[in-house]
Amino acid sequence: MEATYFFDSQVGGREDNQDCGLFYAFPFPQPVSAFILADGMGGLSHGADCARSTAAALCAELLYALYPTILAGNTLCGEDVARALKTSMCAAADRVYEAGRDRMSAAGSTLTAALLTSDSLVVGVIGDSPAYLVEDSHAQLLTPLHNLAFSQGITPNMPGYAQASCRLTQCIGTRPGDCLTPALYTCPRSSLSGRVLLLGSDGAFGALTDVQIGELVQSLRDQPHAVIPALFAAARQSGSTDNQTLFTVFL
Numbered sequence: 001m002e003a004t005y006f007f008d009s010q011v012g013g014r015e016d017n018q019d020c021g022l023f024y025a026f027p028f029p030q031p032v033s034a035f036i037l038a039d040g041m042g043g044l045s046h047g048a049d050c051a052r053s054t055a056a057a058l059c060a061e062l063l064y065a066l067y068p069t070i071l072a073g074n075t076l077c078g079e080d081v082a083r084a085l086k087t088s089m090c091a092a093a094d095r096v097y098e099a100g101r102d103r104m105s106a107a108g109s110t111l112t113a114a115l116l117t118s119d120s121l122v123v124g125v126i127g128d129s130p131a132y133l134v135e136d137s138h139a140q141l142l143t144p145l146h147n148l149a150f151s152q153g154i155t156p157n158m159p160g161y162a163q164a165s166c167r168l169t170q171c172i173g174t175r176p177g178d179c180l181t182p183a184l185y186t187c188p189r190s191s192l193s194g195r196v197l198l199l200g201s202d203g204a205f206g207a208l209t210d211v212q213i214g215e216l217v218q219s220l221r222d223q224p225h226a227v228i229p230a231l232f233a234a235a236r237q238s239g240s241t242d243n244q245t246l247f248t249v250f251l
């Protein structure tokens with residue numbers, strides 16, 4: 001089963017871009033594609049550095065976690081991939097946390113990743129960079145988000161959303177990996193035909209509702225290259241002034 005993806009990252013209304021997006025096709029006999037997104041926090045260069053370090057650390061940890069199964073000649077099932085992603089996200093968090101302590105720098109990052117194999121899709125989230133699956137005009141948020149808005153049920157059309165959505169309850173860089181709990185989503189690949197996976201920083205969606213996201217993606221199904229620019233523009237119209245980074249994966 002083939003998939004086509006598009007990617008873009010824009011500075012938005014900020015002075016610099018602290019987001020990082022990374023795609024990696026692991027050189028295994030069984031195809032494994034990783035889509036990794038990190039949204040840095042901390043100001044100046046620290047947030048951008050933390051985001052890049054987070055994405056690179058996860059890629060390295062995934063290679064370490066997945067390779068033994070491949071080397072043994074075994075097929076990666078959804079459970080294997082989910083276990084590897086969870087372990088790797090926490091191990092990457094350890095790397096970034098220790099590096100930050102060594103540099104005496106205060107910075108953090110979100111981390112959202114999707115692993116796509118011939119058998120399954122597995123998504124992991126630490127922080128508030130959301131992942132959606134769009135089918136027809138319905139956008140499904142795949143995991144809980146680690147911010148006060150989500151934990152307290154504050155939606156984009158409610159007072160206090162902007163402030164609550166900026167306060168993270170989990171992120172990379174501020175705590176070691178064993179203090180973090182990645183939110184996971186697993187789905188058989190066979191059930192994904194015709195759907196669109198979205199992995200983005202919070203600025204890519206702004207205050208758009210799930211309904212608005214789904215309807216916009218559906219309206220451009222015949223123009224897949226136009227989805228990201230349209231979402232970015234709609235997010236800015238909703239009030240987003242943040243960096244905007246987004247993967248769209250057409251399954």
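Positions 1 to 251 (full-length UniProt numbering) are the ones given, in order, by the sequence shown.
C-beta atoms are modelled at their ideal positions from N, C-alpha and C, and glycine is treated no differently.
With a cut-off of 8 Å on the beta carbons, I'd call A114 and L251 a contact; round off their distance for me. Start at 1 with the first residue of the sequence shown, and residue 114 comes out as number 114. Start at 1 with the first residue of the sequence shown, and residue 251 comes out as number 251. So it is not a contact: roughly 11 Å between Cβ atoms.
Under 8 Å by Cβ, that's how I've got Q18 and A65 pegged, so tell me the actual separation to the nearest angstrom. As a working note, residue 18 is residue 18 in the sequence shown. As a working note, residue 65 is residue 65 in the sequence shown. The Cβ separation is near 27 Å, so there is no contact.
Tell me the DSSP bridge mates of M41? Within the sequence shown, the letter at position 41 stands for residue 41. Per DSSP, the beta bridge partners of M41 are G108.
Restricting to Cα atoms, I'd like to know which of E98, C77 and T155 is closest to L208. In the sequence shown, residue 208 corresponds to position 208, counting from 1. Nearest of E98, C77 and T155 to L208, Cα basis: T155.
What does the alpha-carbon distance come out to for the pair P188 and L62? In the sequence shown, residue 188 corresponds to position 188, counting from 1. In the sequence shown, residue 62 corresponds to position 62, counting from 1. Cα to Cα, P188 sits roughly 20 Å from L62.
Once DSSP output is grouped into helix, strand and coil, what is the label at L208? In the sequence shown, counting from the first residue as 1, residue 208 sits at position 208. Three-state result, L208: coil.
Look at the alpha carbon of A230 and the alpha carbon of A57, and state the distance between them as a whole number of angstroms. Within the sequence shown, residue 230 is the residue found at index 230, counting from 1. Within the sequence shown, residue 57 is the residue found at index 57, counting from 1. Rounded to the nearest whole angstrom, the CA to CA distance from A230 to A57 is 31 Å.
Own chain partners of P182 with C-beta closer than 6 Å, once the 5 adjacent residues on each side are dropped: For the purposes of this step, residue 182 is identified with residue 182 of the sequence shown, where counting begins at 1. Short of 6 Å from the beta carbon of P182, and not among the five residues preceding or following it, lie these beta carbons of its own chain, in chain order: K86, M89, G124 and I126.
Identified DSSP bridge partners for S120: Along the sequence shown, one-based indexing puts residue 120 at 120. Beta-bridge pairing by DSSP links S120 to P188.
Going by beta carbon distance, what residues of the same chain come within less than 7 Å of L180, once the five residues before and after it are set aside? Translated into the one-based positions of the sequence shown, residue 180 becomes position 180. Here the set comprises C90, A93, I126 and Q170.
Between which residues of its own chain and G13 is the CB-CB distance below 6 Å, once the five residues before and five after are set aside? What you label residue 13 is simply residue 13 of the sequence shown in a count that begins at 1. Closer than 6 Å at Cβ, skipping near neighbours: T241.
Counted within 10 angstroms of its Cβ, other Cβ atoms place V32 as buried (16 or more) or exposed: Position 32 of the sequence shown, counting from 1, holds the residue named residue 32. Result: buried.
Looking only at C-alpha atoms, which of V96, F35 and L76 sits nearest to D178? For the purposes of this step, residue 178 is taken as the residue at position 178 of the sequence shown. Among V96, F35 and L76, the Cα nearest to that of D178 belongs to V96.
Taking just the CA atoms, how far does T112 sit from A131? Counting from one through the sequence shown, the residue named residue 131 turns up at place 131. Counting from one through the sequence shown, the residue named residue 112 turns up at place 112. Rounded to whole angstroms, the separation of the alpha carbons of T112 and A131 is 8 Å.
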